[in-house]
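Peer 1: Numbering (our numbering), first residue to last: 123 to 360.
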């Protein structure tokens, strides 16, 4: 198939994930890549892992998928840890760092945050040098030809920038979008020589998702509500 749906940052929001998967399948797109952060922030991390396993061809790890496997630094993280099964932990620990594929003779690279780490955050306002470093190889990616396009998640905000080095694309977030409140994903279309990228926005029932979190007794529900309803990041100073 020449079309790939690229999703990222599910964050335990099964309500949004199910609507996005429905939308992808309605467009007859059969290949789905997931760029990590399956769990955390939302109440149904384990359920989201199951859906991702069922529907995604390739899945890589995000920062939440890594640190959730370590001892919890506080009760907030412990709440999410307590809702994962041993099978969930085994799956998260098996996830690779990145995906490299060739389409139309071009190398496309997918990772969660940067080629160097799941925890290195590259934002749209960062220096040009930092943004161009997204095309670099690293010990994680191996020594390859430079990618013609790089796709990532982590920042929960869509981005599409073109440089001489190639195309840099952030696909946004399914479960915790912080630019617009609708769930976000992208479709990569290689049916023609010039690869096309299309952003898709999918509305979902946020009140139903918040009710699930409320009934589960999820901590910091007020912050989750601000993010889902108003795209207001919980650690924002504004």
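Beta carbons: idealized from backbone N, C-alpha and C, even for Gly. Only a predicted model underlies this, so the values are computations on that prediction, with no experimental measurement involved.
#1: Just to confirm my understanding: we take residue 107, look at its own chain, exclude 5 residues before and 5 after, and list those with CB closer than 6 angstroms. What are they?
#2: Ignoring anything shorter than 4 residues, give me the alpha helix (DSSP H) runs that lie fully in the region 184-242, in order along the chain.
#3: Tell me where the beta strand (DSSP E) around residue 336 begins and ends.
#4: So for residue 307, helix, strand or coil by DSSP?
#5: Nearest to residue 209 by CA position, among 299, 302, 274 and 168, is which residue?
#6: Let me confirm a value: residue 137 is counted as buried when at least 16 other C-beta atoms fall within 10 Å, else exposed. Which label applies?
#7: Can you grab the Cα-Cα spacing for the pair residue 270 / residue 230, in whole Å?
#8: So the candidates are 280, 354 and 342; which of them puts its Cα closest to the Cα of residue 162?
#9: Does residue 144 come out as helix, strand or coil in the three-state DSSP assignment?
#10: From residue 222 to residue 232, what distance separates their C-alpha atoms?
#11: Between the region 179-189 and the region 138-149, are three or more C-beta pairs nearer than 8 angstroms?
#12: Using DSSP bridges, identify the partner residues of residue 290.
#13: Measure the C-alpha to C-alpha separation of residue 283 and residue 302 and round it to an integer number of angstroms.
#14: Give the DSSP-derived three-state secondary structure of residue 176 in the structure shown.
#15: Find out if the Cβ-Cβ distance for the pair residue 293, residue 305 is shorter than 8 angstroms.
#16: Do residue 191 and residue 212 have their CB atoms nearer than 8 angstroms?
#17: For residue 127, which three-state DSSP category applies?
#18: Classify residue 280: buried if its beta carbon has 16 or more other beta carbons within 10 angstroms, exposed otherwise.
Peer 2: Checking against the coordinates, here is how it stands:
#1: Any answer about residue 107 is impossible in this case: the structure gives the chain only from 123 up to 360.
#2: The region 184-242 contains these whole alpha helix (DSSP H) runs: 185-189, 197-203 and 208-216.
#3: It is not in any beta strand (DSSP E) - residue 336 instead sits in the alpha helix (DSSP H) that spans 328-338.
#4: Strand.
#5: Of all alpha-carbon atoms in 299, 302, 274 and 168, the one lying nearest the alpha-carbon of residue 209 is that of 168.
#6: Here residue 137 is buried, its C-beta having at least 16 other C-beta atoms within 10 Å.
#7: Approximately 6 angstroms, taken between the alpha carbons.
#8: In this structure, 342 is the residue among 280, 354 and 342 with its C-alpha nearest to the C-alpha of residue 162.
#9: DSSP, read as helix, strand or coil, puts residue 144 in helix.
#10: Looking at the two C-alpha atoms, the distance is approximately 6 angstroms.
#11: Result no; under three Cβ-Cβ pairs closer than 8 angstroms.
#12: Residue 290 has 272 and 283 as its beta-bridge partners, per DSSP.
#13: If I take the Cα positions, the gap works out to 19 angstroms.
#14: Residue state, collapsed to three classes: helix.
#15: No.
#16: No, the pair does not count as a contact, with Cβ atoms beyond the cut-off.
#17: Reduced to three states, the DSSP call for residue 127 is strand.
#18: Counting the other CB atoms within 10 Å of its CB gives residue 280 a total of 16 or more, which places it among the buried residues.
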